[in-house]
Amino acid sequence: MKLYLDTANVEQIKEINDILRLDGVTTNPKILSKESRDYREVIKEIIEILDDDQLLFMQVLASDHQGMIADAKKILSLRKKNMVPKIPATPEGLKAIKLLSNEGIDTLATAIYSAPQALMAAKNGARYVAPYVSRMDSFTDGVQEVIMLEQTLRNYNMQTEIVAASFRTQEQIRRLIYNGVDSLTLASDFCRKLYEHEGTVSATKEFAEAWRSRFNEDGLNI
Ligand code: G3P
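The opening residue of the sequence shown carries number 17 in the numbering used here; numbering runs sequentially from there.
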């Protein structure tokens with residue numbers, strides 16, 4: 017299972033990257049717009065925080081395929097390796113994905129709203145597809161559509177990795193994990209909820225209190 021952080025906030029990336037073995041960071045124009053600093057500076061800092069083997073996803077801005085290809089190449093030039101251009105799965109995006117794949121360039125097809133749309137992106141050579149789980153809910157059951165997508169890609173023996181994105185509830189994340197989704201990209205708050213639990217906080221408090229009252233010590237003095 018791979019886990020990406022869906023944010024461009026460097027403090028949050030540093031915090032969670034120190035705690036977890038993250039596989040990388042995903043961004044999009046909206047995410048980068050939320051930061052108060054220039055996006056070039058933010059991307060540069062994220063690259064500095066990440067190890068070389070962690071992926072960084074950055075989205076193209078052009079809406080025509082030639083422009084998307086040009087944007088994708090600019091994105092790739094920002095880092096020696098593991099920089100992945102995200103391309104919206106519009107008809108122009110699919111063209112760009114196909115042409116970039118002909119050149120051996122990995123892309124992530126983003127803003128995916130259905131399993132067949134993801135399948136077309138995968139068939140065009142997208143290495144990753146990002147279905148927007150919650151946003152899909154306006155059209156169908158997003159979680160179920162992603163589960164069906166997993167099955168579909170496996171049926172056709174495709175290696176394309178699903179990066180499930182866009183969540184509104186922890187339950188959506190749980191259902192996908194229990195169904196063995198390839199990977200998730202989560203906003204920081206949802207990511208923290210994977211490992212933070214009030215039960216763990218009170219259990220550790222209980223252990224410390226028991227130790228202190230029995231041995232009158234705060235630590236392990238051995
Ligand atoms: O990575 C996908 C994403 O950022 C969209 O999420 O929360 O805007 O639906 P959201």
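Ideal Cβ placement from N, Cα and C applies to all residues, glycine included. All values reported here derive from a predicted model rather than from experimental measurement.
Looking at the DSSP output, Ala-142 shares a beta bridge with no other residue. Per DSSP, the continuous beta strand (DSSP E) segment holding Val-100 begins and ends at 99-104. In this structure, Asp-68 and Lys-97 form a Cβ contact; the two beta carbons are roughly 6 Å apart against a cut-off of 8 Å.
In the three-state reduction of the DSSP assignment, Val-41 falls in the strand class. Taking non-hydrogen atoms of ligand 1 into account, the C-beta of Ser-130 is found less than 7 Å away from none of them.
With respect to Ile-91, Leu-115 sits apart: the two C-beta atoms are not nearer than 8 Å. Shortest Cα-Cα distance from Asp-22 to any of Glu-161, Gln-186, Val-179 involves Val-179.
Ligand 1 has a heavy atom closer than 7 Å to the beta-carbon of Ala-146. About 28 Å separates the CB atoms of Ser-218 and Met-17; that is not less than 8 Å, and the two are not in contact.
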